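K.L.:
Number of protein chains: 2
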Amino acid sequence: MNTYRVAGLTALGDPTRRAIFERLAERPRAVGELAAELPVSRPAVSQHLKVLKQARLVTDRSVGTRRVYQLDPDGLAELRGYLDHFWDQALAGFKAAVEHDPKESK
Amino acid sequence: MNTYRVAGLTALGDPTRRAIFERLAERPRAVGELAAELPVSRPAVSQHLKVLKQARLVTDRSVGTRRVYQLDPDGLAELRGYLDHFWDQALAGFKAAVEHDPKESK
DNA sequence: AAACTTGGTAAGCGAATACTTACCGTTCGT
DNA sequence: ACGAACGGTAAGTATTCGCTTACCAAGTTT
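So the protein sequences, as listed, match chains D and C.
One point on numbering: in our numbering, the residue at position 66 of the first sequence is 66, and numbering is uninterrupted.
With positions in the second sequence counted from 1, the corresponding number in our numbering is that position plus 106.
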């Protein structure tokens with residue numbers, strides 16, 4: 001299908017993972033801490049964090065018995081790069097089409 | 107859950123929708139045209155386009171019996187805005203954490 | 001107007017996946 | 001060293017969701 005491999009998009013497709021992602025953007029958090037704020041169980045959070053980690057959207061470090069997660073700029077940069085890559089094409093195509101045929105039919 | 111409503115992320119979470127998205131970035135295309143290039147049926151493409159349209163990632167206009175789709179800068183801008191919003195926070199949190207506790211355990 | 005082209009929708013099916021409970025390993029405190 | 005805190009993994013279930021076939025509506029052509 002010649003589609004780009006953007007694991008981050010698949011990862012952030014899920015609302016619960018977005019919620020985790022957005023909380024980690026605010027500040028690093030431990031697993032149980034995240035679970036306490038979310039309407040899902042702690043194992044569910046663990047599983048989501050695994051996906052986010054594979055997408056390089058988060059990193060983790062152990063602090064005592066706890067495991068603290070935080071955002072990883074790498075995956076985030078990849079996501080931004082992906083969108084930026086299509087941004088110019090989208091604008092160019094948009095303008096060309098509008099001038100060619102202004103009447104829309106939404 | 108206080109999660110941001112970013113329909114675009116949910117929409118682009120699917121690989122087939124990404125394939126459609128990426129082809130429309132190249133140039134506007136009709137539904138059948140997309141279906142011919144993809145390994146899924148035309149109704150499947152229609153359903154995906156519906157999702158992309160609701161996420162304001164594409165617009166459509168009718169040309170004769172055909173329906174031509176193209177990227178919509180609005181949804182794309184929203185996506186970029188979403189990621190940019192977390193970009194600074196991620197960087198700040200990342201640097202602070204690294205300086206605070208440099209030893210990682212990947 | 002009849003036939004063809006194009007595409008959206010409905011219904012149904014199978015696969016993916018998000019969630020739960022149960023269990024186990026690791027680390028800290030007393 | 002024992003118990004508690006913390007978190008990853010396994011197994012199982014239920015819902016979501018992407019896909020197909022069948023059908024129908026709208027537009028074009030001759």
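Positions of the beta carbon are idealized from the N, C-alpha and C atoms, including for glycine.
Bear in mind that the values here come from a model prediction, so they are computed numbers and not experimental data.
Output the boundary residues of the beta strand (DSSP E) element that contains D/T10.
P.N.:
Indexing the first sequence from 1 puts residue 10 of chain D at position 10. Unbroken run through D/T10 is the alpha helix (DSSP H), 7-11; no beta strand (DSSP E).
K.L.:
If you follow the beta strand (DSSP E) that C/V146 is part of, which residue opens it and which one closes it?
P.N.:
Looking up residue 146 of chain C in the second sequence gives position 40. Neither: C/V146 is in no beta strand (DSSP E) and is coded neither H nor E.
K.L.:
Do we get a CB-CB distance below 7 Å when we pair C/G114 with the residues of chain D?
P.N.:
Within the second sequence, the letter at position 8 stands for residue 114 of chain C. It does not; no Cβ of chain D falls within 7 Å.
K.L.:
Hey, how far is the Cα of D/L52 from the Cα of C/R173?
P.N.:
The residue you call residue 52 of chain D lines up with position 52 of the first sequence. The residue you call residue 173 of chain C lines up with position 67 of the second sequence. Going by the C-alpha atoms only, they are around 37 Å apart.
K.L.:
When you compare only the Cα positions, how much space is there between D/K106 and D/L79?
P.N.:
One-based indexing of the first sequence puts residue 106 of chain D at position 106. One-based indexing of the first sequence puts residue 79 of chain D at position 79. Bear in mind that a pLDDT of 32 at D/K106, under 50, signals an unreliable position, so the number given afterwards is only what the model happens to contain. Each residue's alpha carbon lies about 30 Å from the other.
K.L.:
Where does C/L122 sit, in a helix, a strand or coil, going by DSSP?
P.N.:
Walking along the second sequence from the start, residue 122 of chain C turns up at place 16. A small correction: the amino acid at residue 122 of chain C is Thr; Leu does not occupy that position in the sequence shown. In the structure shown, C/T122 sits in a helix (DSSP, three-state: H, G or I).
K.L.:
Secondary structure at D/A55, three-state DSSP: helix, strand or coil?
P.N.:
The residue given as residue 55 of chain D occupies position 55 in the first sequence. D/A55: coil per DSSP, three-state reduction.
K.L.:
Beta strand (DSSP E) containing D/R66: first to last residue?
P.N.:
Here residue 66 of chain D is taken as the residue at index 66 of the first sequence, counted from 1. Segment 66-71, the beta strand (DSSP E) holding D/R66.
K.L.:
Rank D/P73, D/L83, D/P39, D/T65 by C-alpha distance to the C-alpha of C/F192 and give the top, closest one.
P.N.:
Sequence index remark: in the second sequence, residue 192 of chain C carries index 86 (1-based). The option with the nearest alpha carbon to C/F192 is D/P73.
K.L.:
Can you grab the Cα-Cα spacing for the pair D/L83 / D/G8, in whole Å?
P.N.:
Within the first sequence, the letter at position 83 stands for residue 83 of chain D. Within the first sequence, the letter at position 8 stands for residue 8 of chain D. Rounded to whole angstroms, D/L83 to D/G8 spans 12 Å at the Cα level.
K.L.:
How close, in whole Å, do the beta carbons of D/A25 and C/A196 come, if the pair is a contact with beta carbons under 8 Å?
P.N.:
Reading the first sequence from its first residue, position 25 is the one you call residue 25 of chain D. Reading the second sequence from its first residue, position 90 is the one you call residue 196 of chain C. About 6 Å; that satisfies the 8 Å criterion.
K.L.:
Pick helix, strand or coil for D/R27, following the three-state DSSP scheme.
P.N.:
As a first step, residue 27 of chain D is located in the first sequence; it is residue number 27 there, counting from the start. Note: D/R27 maps to coil in three-state DSSP.
K.L.:
What does DSSP give as the partner residue(s) for C/R167 in the beta ladder?
P.N.:
Counting from one through the second sequence, the residue named residue 167 of chain C turns up at place 61. Per DSSP, C/V174.
K.L.:
With distances taken from CA atoms, which of D/V63, D/S62, D/S41, D/R27 is nearest C/A198?
P.N.:
If you number the second sequence from 1, residue 198 of chain C lands on position 92. Ranking D/V63, D/S62, D/S41, D/R27 by Cα distance to C/A198 puts D/R27 first.
K.L.:
Between D/G75, D/T16, D/G64, which lies nearest to D/Q54 when the distance is taken from Cα to Cα?
P.N.:
Counting from one through the first sequence, the residue named residue 54 of chain D turns up at place 54. Selected option, being the one with the closest Cα: D/G75.
K.L.:
Give the straight-line distance between the Cα atoms of D/L49 and C/G187, rounded to the nearest whole angstrom.
P.N.:
Within the first sequence, residue 49 of chain D is the residue found at index 49, counting from 1. Within the second sequence, residue 187 of chain C is the residue found at index 81, counting from 1. Roughly 23 Å between the two C-alpha positions.
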